[in-house]
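Residue numbers (our numbering): 103 to 285.
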């Protein structure tokens, strides 16, 4: 076999490798995007539920306007966020506002006993768990994707085709602090 025949075989194998790595990177990038959209699905459910929760609480807590407005403001901030980073920051603010809302409900025994409020609270708790799982899967997908684009030799293909590192979901600084329980 002439020398150029060997060269063609080597170039063919190299081309197949580049195609395989490229397709793998595209698959991982799409998985990261899919996991981010799964978080959005759960957040949308939560945001659709929040107005019902606020309206239920309003009937019992007419003078607690500031807490209720905080929940609505945090919800609206998320809805208007332009990118994942802003959405995650707004989500942290919303979680904080919801916690205040549930703490407020503790002061109103008749509200805690309201069946509609109890159902909404149970549903919101279930959604929060799903959001947690979706964030975990998102971070797992980001880890696999980032590893692939940073490890040799796939990092060469990733650099040639412009694959960029993705950010992990991280809790806001106030969410990392110890919870203060007072009796």
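Beta carbons: idealized from backbone N, C-alpha and C, even for Gly.
Straight-line measurement puts the Cα of residue 233 at about 12 Å from the Cα of residue 271. By the Cβ rule, the stretch 253 to 262 counts as touching the stretch 118 to 126, because three or more pairs are nearer than 8 Å. Proximity to residue 151 across 110, 230, 246, 267 peaks at 230, based on C-alpha coordinates. Closest in alpha carbon position to residue 235, among 111, 143, 118, is 143. In this structure, the straight-line span from the alpha carbon of residue 221 to that of residue 184 is close to 32 Å. Listed in chain order, the alpha helix (DSSP H) elements of length 4 or more contained wholly in the stretch 190 to 260 are 211 to 214, 217 to 252. Residues of the same chain with a CB within less than 7 Å of the CB of residue 251, apart from the 5 flanking positions on each side, are 127, 257, 260, 265, 267 in chain order.
For the 8 Å CB-CB criterion, residue 159 and residue 207 form a contact.
In the structure shown, the three-state DSSP call for residue 148 is helix. Close CB contacts of residue 137 within its chain, under the 6 Å cut and outside five residues either way in sequence, are with 239, 240, 243 (chain order). Cβ neighbours of residue 106 within its own chain (closer than 8 Å, five residues either side excluded): none. Contact annotation: residue 180 and residue 203 have beta-carbon atoms that are not nearer than 8 Å.
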